[in-house]
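Below is one structure, written out as structure tokens; comments come after it.
In my numbering, the protein residues as written are 303 to 653.
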């Protein structure tokens, strides 16, 4: 902030309920700086008193004020409202709480939740009761904090992904805007035989500008797409990218699949500088499958055939010598007659 030709005696940064730091002395050095805050390094402008906050947390939201005291003049006040966007991740079919709390002491008149351009719920009235709540959403029935307007979404589906906004209106004006990005991960199980080919699907169905795509297993990068047009840049595994005609298809192929390929794979699609889509796939490579068992039997077919042939030959010899006879089968309708008929046949054969 440029202050003209006036002599600055001090600069103070503070929020509505806490002190951050103060510049004072002839060189206007920062003093008593609070945790998570720092000043701009190597600033060439001696009248630049900007501060840096890192890492930013949701509780940092609020009104920040910079007060510059100039000798002989009224203080110069700079007010900044900080809003923090929170990313919430949940698996498909799960339950998630989207937080929205008011930390001030003003008189709240109404609270509204939106998803993009669709309405979710509105709190209104003297008791700020929820009204017109959309399907799949609910409020916390046991909530003890009257300023907590968090909502619950269950069960979560892929279509629920997107930006959620909570508006808290205080004294007739919107005082708090809370933005949450909900990401829904769908754990898809892919089973492939050892030595086979496994396709791990990942497609983008939106119309945003894709900046980068990254496949990872655990914490190691497997494949990364970047550049214009998006080309695979890193390939840490023995993978092959299919020549699909869909430019938004970032599926990959692992072949030949082996036991060490088993695990959780994650595809992250970065749209306009933010992670917009996350897909999770569990790859299983069983050592013993039905086809493997059939192949084993096939490989042992000659041995089985030899043993079976010997058994049949021995049975035939014993039958010819009279040591074996046909069994007597019993019928539910006429047990004795069926048995006699078979006995006659046995006698004729024996003769």
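Beta carbons: idealized from backbone N, C-alpha and C, even for Gly. From a predicted model like this one, the values you see are computed outputs, not experimental measurements.
Unbroken beta strand (DSSP E) runs of no fewer than 3 residues, entirely contained in the stretch 396-484, are found at 398-400, 410-417, 420-426, 431-433, 439-441, 453-455 and 464-472, following chain order. Rounded to whole angstroms, the separation of the alpha carbons of residue 526 and residue 441 is 40 Å. Excluding the 5 residues flanking it on each side, residue 456 has same chain C-beta neighbours closer than 6 Å at 397, in chain order. Closest option to residue 358, judged by alpha-carbon separation, among 384, 367 and 335: 384. Beta-bridge partners assigned by DSSP to residue 502: 554.
Rounded to whole angstroms, the gap between the alpha carbons of residue 387 and residue 497 is 45 Å. DSSP, reduced to helix, strand and coil, places residue 514 within a strand of the structure shown. Contact annotation: the stretch 515-523 does not touch the stretch 480-498, with fewer than three C-beta pairs closer than 8 Å. With respect to the C-alpha of residue 356, the residue from 342, 368 and 454 having the closest C-alpha is 342. Our two residues, residue 335 and residue 514, have alpha carbons roughly 37 Å apart in a direct line.
Around the beta-carbon of residue 484, 16 or more other beta-carbon atoms lie within 10 Å, marking it buried. The distance from the Cβ of residue 368 to that of residue 313 is about 7 Å, consistent with a contact at the 8 Å cut-off. By the neighbour-count criterion, in which 16 or more other beta carbons inside 10 Å mark a residue as buried, residue 617 falls on the exposed side. Under DSSP, the beta-bridge partners assigned to residue 371 are 312.
Residue range 378-384 is occupied by the beta strand (DSSP E) that includes residue 378.
The alpha-carbon separation between residue 390 and residue 409 amounts to approximately 29 Å.
Judged by their CB atoms, residue 493 and residue 573 are not nearer to each other than the 8 Å cut-off. With a cutoff of 8 Å on beta-carbon distance, residue 566 and residue 584 are scored as near each other.
Here residue 435 is not near residue 451, since their CB atoms are 8 Å or more apart. Counting along the chain, no beta strand (DSSP E) covers residue 351, and no H or E run does either. In terms of CA proximity to residue 465, 400 leads the group 428, 487 and 400. The Cβ atoms of residue 491 and residue 463 do not sit closer than 8 Å to each other.
In this structure, residue 569 sits near residue 517, with a CB-CB distance shorter than 8 Å. Judged by DSSP secondary structure, residue 332 falls within the beta strand (DSSP E) whose first and last residues are 331-333. In terms of CA proximity to residue 407, 473 leads the group 422, 473 and 351. In chain order, 555, 556, 557, 558 and 559 place their CB closer than 8 Å to the CB of residue 499, counting only its own chain and leaving out the 5 sequence neighbours on each side. In the three-state reduction of the DSSP assignment, residue 612 falls in the helix class.
The continuous stretches of beta strand (DSSP E) do not include residue 532, and DSSP gives it neither H nor E. Close CB contacts of residue 402 within its chain, under the 6 Å cut and outside five residues either way in sequence, are with 451, 452, 468 and 480 (chain order). Rounded to the nearest angstrom, the gap between the Cα atoms of residue 535 and residue 528 is 7 Å.
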